[in-house]
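Engineer: In our numbering, the protein residues as written are 1 to 235.
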Ligand code: UDP
Ligand code: MG
């Protein structure tokens, strides 16, 4: 067993004025016991009132805020956040309400096993999650997952899950280049290429739709697929 002292959570947000408060409230309401929490919110050039809401929320919750004017993409925002993390474990929380942060506890439990360096929360392993944002998201996710397993010899069931947890030193040692939504395939490819296995635990999922602010599109599926192929051959 490893003793986990500090969990760093990076929260990328772009135009989430409607959900960011609830999302952070849920996160700060989780009881992580003796594990310290370091939350880093990255405002990725939001054009709505997200920044104002965040500035108000800072009086209520202890988080670090990184903010810049131009919208650069989720993966760019994550990279800015990761460089500021100091936790022995690092993970990602979106600024929406699709995932349940109490699932981090299950993931931390798995993470505390000596041999485990990477844990993904799998939406497919939880049989109660029948709903996805739509058939295209579901099939797209399945296809990307199969690509990972074929190209990199992985054995995972949910590649595009947001809930990815890493040993901090490992994640900070991986040079990441993505800007838009390609963080997921890039980090998955690079972890597996190092020969590090990805473990999974079942998590819950409440999908949202484009009308509710979901920003991922068909183009991102093709970018993800080409990212997986690219990192098979280049570093
Ligand atoms: N996001 C971001 N910059 C962007 C697009 C999205 O920081 O240019 C954030 C967004 O606010 C959310 C997270 O990335 O917190 C995931 O976005 P979304 O829910 O649209 O996609 P998915 O959950 O399907 O990955
Ligand atoms: Mg989301």
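We put the CB at the ideal spot given by N, CA and C, even for glycine.
(1) How long is the line joining the alpha carbons of residue 224 and residue 60, rounded to whole angstroms?
(2) How should residue 113 be labelled, buried or exposed, when 16 other C-beta atoms within 10 angstroms of its C-beta is the threshold for buried?
(3) Which same chain residues end up closer than 7 Å to residue 140 when comparing Cβ atoms and leaving out the 5 residues on each side of it in sequence?
(4) Thinking C-beta only, is residue 162 closer than 8 Å to residue 306?
(5) Whole angstroms are fine: how far does the CA of residue 64 sit from the CA of residue 175?
(6) So is the beta-carbon of residue 235 under 7 Å away from any non-hydrogen atom of the ligand MG?
(7) Per DSSP, residue 234 forms a beta bridge with which residues?
(8) With DSSP as the reference, label residue 91 as helix, strand or coil.
(9) Please tell me whether residue 6 and residue 47 are closer than 8 Å, where the distance is taken between their beta carbons.
(10) Counting Cβ pairs closer than 8 Å, one from the region 185-203 and one from the region 157-172, do we hit at least three?
(11) Kindly confirm or deny that the region 7-21 and the region 89-104 touch, where touching means at least three C-beta pairs closer than 8 Å.
(12) Who are the Cβ neighbours of residue 106 in its own chain at under 6 Å, not counting the five residues just before and after it?
Structural biologist: Quick answer:
(1) By one-based count along the chain shown, residue 224 stands at place 224. By one-based count along the chain shown, residue 60 stands at place 60. The C-alpha of residue 60 is placed about 37 Å away from the C-alpha of residue 224.
(2) Here residue 113 refers to the residue found at position 113 when the chain shown is read from its first residue. Burial check for residue 113: the Cβ neighbour count within 10 Å stays below 16, so the residue is exposed.
(3) Residue 140 sits at position 140 when you count from the first residue of the chain shown. Around residue 140: 221.
(4) Outside the displayed span of the chain (1 to 235) sits residue 306, for which this structure offers no information.
(5) Mapped onto the chain shown, residue 175 falls at position 175. Mapped onto the chain shown, residue 64 falls at position 64. Between residue 175 and residue 64, the C-alpha separation is close to 23 Å.
(6) As a working note, residue 235 is residue 235 in the chain shown. Here the distance from the Cβ of residue 235 to the nearest heavy atom of the ligand MG is not below 7 Å.
(7) Sequence index remark: in the chain shown, residue 234 carries index 234 (1-based). Checking the DSSP bridge columns, you'll see residue 234 has no partner listed.
(8) Here the question's residue 91 lines up with position 91 in the chain shown. In the three-state reduction of the DSSP assignment, residue 91 falls in the strand class, which pools E and B.
(9) Here residue 6 corresponds to residue number 6 of the chain shown, with the count starting at 1. Here residue 47 corresponds to residue number 47 of the chain shown, with the count starting at 1. Not in contact: residue 6 and residue 47 (Cβ atoms no closer than 8 Å).
(10) Short answer: they touch.
(11) A contact exists between the region 7-21 and the region 89-104.
(12) Mapped onto the chain shown, residue 106 falls at position 106. Counting only Cβ-Cβ distances below 6 Å, and skipping sequence neighbours, we find 201.
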